[in-house]
Every structure is written in C-alpha cells, then in structure tokens.
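Residue numbers (this note's numbering): 6 to 184.
Quick reminder that beta carbons are idealized off the backbone N, C-alpha and C, glycines included.
Since the structure is predicted, the reported quantities are computational estimates derived from the model, not experimental observations.
First up is the structure itself, then whatever we jot down about it.
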C-alpha cells in the first residue's frame with residue numbers, strides 16, 4: 006500500500022583491526038586511518054484512502070556513507086509514486102545525499118531519505134511519510150559508523166602515535182564491538 010517504514014541505513018566498517026597486544030600504530034604525515042560511515046535511513050512511505058480514491062507514495066532511499074569503498078545510496082521502492090534513489094558517497098570524505106520526498110497529489114507524501122555520514126557528521130534518519138487518516142510510516146534509522154581502529158577485545162593494548170591529529174572524527178580507536 007506504499008505506507009511501509011523506511012529501511013535502516015547500513016553500518017560502516019572499521020579501518021584497521023588489531024588482534025595482538027601490544028601493538029604500535031604510527032600515522033605518518035598525510036596518512037589516514039578511517040572507519041567507514043553509516044548510510045542514511047530510508048524515507049517512510051505514505052498512503053491515503055478516500056471515497057473512490059487511493060493514493061500511495063514511496064519513501065526515498067538514504068544516501069551512502071563516506072568511506073573507501075564508498076557507500077552506495079539506497080533505492081526507493083516502486084509503490085505508488087516511486088521513491089527516489091539516494092546518492093552514493095563521493096569518496097572517503099563526502100557522503101551521498103538522501104533522495105527527495107515524493108508527492109502524490111498532496112494526499113500521500115513519501116519521506117526524504119537521510120544523508121549518509123562523513124567525518125565529524127553522523128548519518129541522518131529518513132523522514133516520516135505523511136498521508137490521510139494518519140497513514141504515514143516512519144523513516145529508517147541511520148547506520149552506525151565503523152571504528153578507525155578496532156580491537157578484538159578490551160584487553161588488547163594499542164599505542165597510537167598521531168602527531169598530526171589525523172584520526173580526529175574518523176571513528177573510535179577503542180571499539181571492540183563494531184565490524
């Protein structure tokens with residue numbers, strides 16, 4: 006019926022995984038270790054039913070998260086007024102934008118897809134759809150960011166030398182539970 010919830014954005018993966026303790030990580034001038042960033046949530050769909058009239062609008066896809074490889078944008082389903090595809094991320098720095106809202110005669114409006122995440126900026130949730138009789142659906146949650154440096158367990162010691170502050174905004178350096 007077009008009034009489906011938006012899908013959640015995909016999660017980013019880690020840049021470097023560490024299994025042995027102690028480990029020394031040295032980041033040279035110009036070097037980067039970065040986690041991948043979460044994708045934007047999909048927009049919620051909408052449905053409107055009036056006497057002898059039925060309208061649906063699909064939510065749009067979320068944008069891809071920045072990273073290498075880049076996150077792909079989500080696709081909008083083909084129900085009612087078709088949702089727009091989210092853009093793929095540009096590179097490891099610039100995320101893709103979510104697809105725009107869809108409008109079916111101002112009776113059913115599918116939500117915008119959320120923008121993907123990038124350094125120092127979390128991914129956005131998809132917007133809710135809106136239709137008659139309170140029939141809009143919820144937008145999807147944003148995907149989570151991957152860690153810059155991930156340890157297989159909390160007992161592993163990682164000594165990090167980052168004299169140029171290249172890890173700033175690129176994900177956790179102490180995570181154990183992300184991919």
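Q: Tell me whether the beta-carbon of residue 43 lies closer than 7 angstroms to the beta-carbon of residue 148.
A: yes
Q: Could you please give me the residues that DSSP links to residue 29 through a beta bridge?
A: 164
Q) How would you call residue 33, buried or exposed, if buried means at least 16 neighbouring beta carbons within 10 angstroms? A) Here residue 33 is exposed, its C-beta having fewer than 16 other C-beta atoms within 10 Å.
Q) Run through DSSP, which three-state label would residue 179 get? A) If DSSP states are grouped into helix, strand and coil, residue 179 belongs with coil.
Q.
From the DSSP secondary-structure annotation, give me the bridge partner or partners of residue 58.
A. 55
Q) When you compare each of 45, 122 and 157 to residue 175 by their alpha carbons, which one comes out closest? A) When each option's Cα is compared against that of residue 175, the closest is 122.
Q: Check residue 126 in the structure and name its three-state DSSP category.
A: strand
(Q) I need the DSSP call for residue 115, collapsed to helix, strand or coil. (A) In the structure shown, residue 115 falls within a strand segment according to DSSP collapsed to helix, strand and coil.
Q) Shorter than 7 angstroms from the beta carbon of residue 82 to some beta carbon of chain B? A) Protein chain content of the structure displayed is limited to a single chain, and chain B is not contained in it.
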